[in-house]
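There are 2 protein chains.
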Amino acid sequence: MIYKALKIPLKSGRFVVILNESDASDLGVREGDRLKIKCGRNQVIATVQITKDMIKSGFVGLSDIVAAELNIKDGEVEVTPFSKPKSVEYIKKKMLGECLTAEEIRAIVFDIVRNSLSEVEIASFVISSMLKGMSFDEIEWLTRAMIESGERIYFETSNVVDKHSIGGVPGNKISLIIVPTVAAAGLLIPKTASRAITSASGTADTMEVLADVNLSVDEIKEIVEKVGGVIAWGGATNIAPADDKIIRVENPLSIDPRPQLLASVMAKKVAVGARFVALDIPIGEGTKVTSSDAARKLANDFIELGKRFGVEIAAAITYGGQPIGRSVGPALEAKEALKTMEDRRGSSSLIEKALGIAGLIFEISGLATDGYAYARKIFESGKTLEKFKEIIAAQGGDEKIKSEDIPVGDKKFVLTSNTEGAVVAVNNKAIVKIARAAGAPKDKGAGVYIHKKRGEVVKVGEPILTIYAEKDWKLDKAIEVARRENPIIVSGMVLEVIRGGVKV
Amino acid sequence: MIYKALKIPLKSGRFVVILNESDASDLGVREGDRLKIKCGRNQVIATVQITKDMIKSGFVGLSDIVAAELNIKDGEVEVTPFSKPKSVEYIKKKMLGECLTAEEIRAIVFDIVRNSLSEVEIASFVISSMLKGMSFDEIEWLTRAMIESGERIYFETSNVVDKHSIGGVPGNKISLIIVPTVAAAGLLIPKTASRAITSASGTADTMEVLADVNLSVDEIKEIVEKVGGVIAWGGATNIAPADDKIIRVENPLSIDPRPQLLASVMAKKVAVGARFVALDIPIGEGTKVTSSDAARKLANDFIELGKRFGVEIAAAITYGGQPIGRSVGPALEAKEALKTMEDRRGSSSLIEKALGIAGLIFEISGLATDGYAYARKIFESGKTLEKFKEIIAAQGGDEKIKSEDIPVGDKKFVLTSNTEGAVVAVNNKAIVKIARAAGAPKDKGAGVYIHKKRGEVVKVGEPILTIYAEKDWKLDKAIEVARRENPIIVSGMVLEVIRGGVKV
């Protein structure tokens, strides 16, 4: 049936169509049903909302992204009811623990991409994959479907490299140092990064403080060909677009199941044309991968999956028992990374790790035999900073920016120590909870700065942690979390006193 | 912060609040975040949608149910950001396979009831309970939380009874006969019924064709005290209100996990004050419970759970290998049930089963030793029909209605047999798929009528199935499903010919 389209300024991430109740009844649809909306050659599957008098009969209201996708102003659209897609049955099959075929997985992924599945249906797929698992073949098919349902970048050279960190360790801003270091050596590194899923800041959130990360595939290609590297938000491209929609349901649940993890990482690397990929798998209490056995298994899974796509992978198992560097949260992390490059010194956990992973890339791509030394030389020469500023400029940022110019949240709270002693633990999960309660990653200036890390000595009344927020109520919430969660544990230097063989 | 409220005529089942983007930024919330909205003593947790110019700064748009829940016209409301509830952590705990405590389950159920959990979060809870299971204690706690988070009915007598059919067999319209039969015998039966989850018509959908099923707890009590019985939609009451919200996420996935099944049935029975409950567990190919072992296990689970609440339960394992009676779909089923009572005869599968379950109620409540004979006598005397009309009238329906007056879908398609033989199978799942594709249960007049059931003889060209629909496109879809699914299998009477010891 033909309706007049009205743009409704709803900035919804969902594809929504608003119908008058009499039209809904004519079409035989109810709230939550799906409609196919066609305008010329463009079409969208949208979810029905029903109104009594907001939209008159004969009209349909289209939310921002529906109107954008159809590329219409106010005109006519053809509307037809759209039945539940077949892929819902395949999701139920996975829920019952059965293996899916390549075609079934492809159908699910393509339906996710074209918005034919609801969030509840996508969540069911993700949770079932997590609880029932997927075979290696299924993961390969999931990867292929993710690649094929999106855009790809083809470079003319074969020295395209990439890196990926499995999340779980807070403050892991290493990409901001690795990308310019690698690019400074003449390799191409089209790094597409995620926004935070369970962390306080994803690399894309952090880079966004300094430059535009919402880049198209064409812009990424152009920038990489020009300056050698880029740090872009993958979700803004059409590379493996299913991933971002899957993240939308994983995010509120703070989950990241293995099949989706393997497939989404690999799909993005293959889609940008990477031939050599270094993986960073942090382990330790509170990280995503908690044992070295699990890390080795994950590394081998990635290496095996890489072989199926002609990608050589090397994985580094890294120490993730406490945050990398001292800052957690988008603006605080961007500030710390930039300052480290400016000073050519800083937190050793940050520098050692970034140059270690950069070195791994140099080794597998055949550029150096001692990759770490090679990376260190570039970093200390100042070429890393120089290249980073080129990248910032190429991404539309201010290449003259200094670390001291980066603003952070103006609501602050300093946590001080009430004992004298040494820090025996920095609790990753607690740090992330505090930073998220303070507003990170949504509020760029929110986060925490850790004054004292493991092994450092602290006196009574000395600051151990500063919380930054943009909103008072979020600061209050973060303080409450900090008080409950014991983010930093200080023990008296004297741990035990023994007199005459009796503990006191 | 204080905003002016504007009612937005969005008939959404979700609690939605629409904010101007500048106000959203002030509050530090994004799309999908939660806000607490207070108006006097009423408050609601609603999900944020953001607009550029639909709502001006300083105003908030409230969807129909938010405005109704707050009981406001256009006035002022207090709006505060609402962080993710603790119960999300408990859902993750269940996702990881851990047991939940009574308090954790209580928190989840109460958050479901007060709309603090999103559909994705509720779906995660349901799917995790399904895939990871729940202990018996957890199920008891789930039941208690479901009861306590809603309204209850207290009757002054103790002869309150109830019945429940586990779904899975199409056309199971027996409650329409059981309730008046039992009420005619002087027992009180406050039957609250569901709408369809995976079936083509729930008892509430079917009864709604004849009378109002959207009754409050006070109305149910009043009607039952007046005429002895009622058939109301549970979701319209505030009895175990969590269930209806859980069904909202189960419905699109067509799932019905055991913990939620046990808890929701028991919660409703306890909440209406039932002391004696008869359960109908259909088994057979295509039903929800497929083996008699599984049925016995489920029956024992119910009996055991009943003991924890002082409810005596008897379960009947019934034949569910093909539909009950000949009709499937709301209007068609209401028509068949009414006609059966008018004629005091009809499909034996319908009459035998309804009177069998009614008889079980008479036996456990001590009213009769041969319950079936007792029920049959009432039915044949015409008292069942008489009482049913009293119930229809008490529920605001037309007590003079005759079965022939009930309208069904005017789009029809008759499937005929292309062979001569006998029906060897009626495929329940295929029948349901066809009826649902035709529009049932949403479109009341949609469904199927089965002309030939198992063992019945059919000639070439004779009708075996009629599909009814209200919309052409749904009829087309249903025909397509019918052609693919083989709902009714006819075999030639001569199954095999043997000549001289050789099969031909």
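Taken in sequence, the protein lines are chains A and B. According to my numbering, the stretch in the first sequence is residues 1 to 504, in order. According to my numbering, the stretch in the second sequence is residues 505 to 1008, in order. All C-beta atoms in this analysis are idealised placements derived from N, C-alpha and C, irrespective of residue type, glycine included.
Less than 8 angstroms between the C-beta atoms of Asn922/B and Pro991/B, yes or no? no
Determine the burial state of Lys56/A: buried for a count of at least 16 other Cβ atoms within 10 Å of its Cβ, exposed for fewer. exposed
Check whether the Cβ of Ala236/A lies closer than 8 angstroms to any Cβ atom in chain B. no
Taking 8 angstroms as the cut-off, does the region 84-95 of chain A touch the region 124-140 of chain A (at least 3 CB pairs, one atom from each stretch)? yes
Under 8 angstroms between C-beta atoms, does Leu635/B make it to chain A? yes
Kindly list, in the order they appear in chain B, the residues whose Cβ is closer than 7 angstroms to that of Thr51/A. Pro513, Leu514 and Lys515
Which residues of the region 552-586 of chain B have a Cβ closer than 7 angstroms to any Cβ of chain A? Give them in chain order. Gln553, Ile554, Thr555, Lys556, Asp557, Met558 and Pro585
Which residues of the region 915-948 of chain B have a Cβ closer than 9 angstroms to any Cβ of chain A? Give them in chain order. Ala941, Gly943, Lys946 and Asp947
Alpha helix (DSSP H) runs wholly inside the region 898-963 of chain B, at least 4 long, in chain order: 932-941
Is any heavy atom of the ligand ZN found at a distance shorter than 7 angstroms from the C-beta of Glu966/B? The model depicted lacks the ligand ZN and carries no ligand whatsoever.
Starting from the beta carbon of Ser348/A, find every residue of chain B whose beta carbon is closer than 9 angstroms, and list them in chain order. In chain order: nothing, as chain B lies at least about 35 angstroms away.
Arg534/B versus chain A: which residues are under 9 angstroms apart at the beta carbon? Lys442
Between which two residues does the beta strand (DSSP E) harbouring Glu462/A extend? Where Glu462/A is concerned, there is no enclosing beta strand (DSSP E), given that its DSSP letter is neither H nor E.
With a threshold of 16 other CB atoms inside 10 Å of the CB of Gly501/A, please say whether the residue is buried or exposed. For Gly501/A, the pLDDT reaches just 49, beneath the cut-off of 50, and the residue's location in the model is therefore unreliable, although a value from the coordinates is still provided. It is exposed - the Cβ of Gly501/A has fewer than 16 other Cβ atoms within 10 Å.
Whole angstroms is fine: what's the gap from Tyr372/A's alpha carbon to Pro441/A's? 31 angstroms
Please go through the region 210-244 of chain A and give each complete beta strand (DSSP E) segment of 3 or more residues, from N-terminal end onward. 229-233
So, is the C-beta of Pro589/B closer than 8 angstroms to a C-beta in chain A? no
For Thr369/A, does the count of other Cβ atoms within 10 angstroms reach 16, so buried, or fall short, so exposed? exposed
Residues bridged to Phe883/B by DSSP? In DSSP, Phe883/B forms no bridge with anything.
Nearest residue (CA-CA) to Met1/A, options Lys11/A, Ile72/A, Ile8/A and Ala24/A: Ala24/A
How would you call Val1008/B, buried or exposed, if buried means at least 16 neighbouring beta carbons within 10 angstroms? Unreliable positioning characterises Val1008/B in this predicted model, as indicated by a pLDDT of 44, which lies under 50. The coordinate reading is nonetheless provided below. Answer is exposed; the Cβ neighbour count stays below 16.
Distance between Lys773/B and Ala606/B (C-alpha atoms, nearest Å): 20 angstroms
Residues near Lys956/B in its chain [Cβ-Cβ closer than 7 angstroms; skip 5 each side]: Val927, Val962, Ile968 and Ile992
Of the residues Cys603/B, Pro585/B, Asp748/B and Ile735/B, the one placed nearest Gly654/B, counting alpha carbons only: Asp748/B
Out of Ile174/A, Met266/A and Asn300/A, which has the shortest C-alpha to C-alpha gap to Gly356/A? Ile174/A
Give a yes or no on contact between the region 700-716 of chain B and the region 816-829 of chain B, applying the rule of three or more CB pairs nearer than 8 angstroms. no
What would DSSP say about Leu338/A, mapped onto helix, strand or coil? helix
Residue-level contact to chain A via CB, Val624/B, 8 angstroms cutoff: yes
Alpha-carbon to alpha-carbon, Gly284/A and Asp293/A: 12 angstroms
Going straight from the alpha carbon of Lys695/B to that of Glu470/A, what length do you get? 54 angstroms
So Pro259/A and Leu142/A are in contact, right, with Cβ under 8 angstroms, and what is the actual spacing, rounded? 6 angstroms
Can you pull the chain A neighbours of Ile631/B, defined as C-beta to C-beta under 9 angstroms? Met95, Ala123, Ser124, Ile127, Ser128 and Leu131
When DSSP builds the beta bridges, which residues end up paired with Thr192/A? Ala232/A
What are the complete beta strand (DSSP E) segments, minimum 3 residues, inside the region 29-59 of chain A? 34-39 and 42-51
Taking C-beta pairs closer than 8 angstroms, name the residues in chain A that Ser620/B reaches, listed in chain order. Correct list: empty, because the minimum Cβ distance to chain A is about 12 angstroms.
Of all the residues that make up the region 756-776 of chain B, which are near chain A by a beta-carbon distance shorter than 9 angstroms? Pro756, Leu757, Ser758 and Ile759
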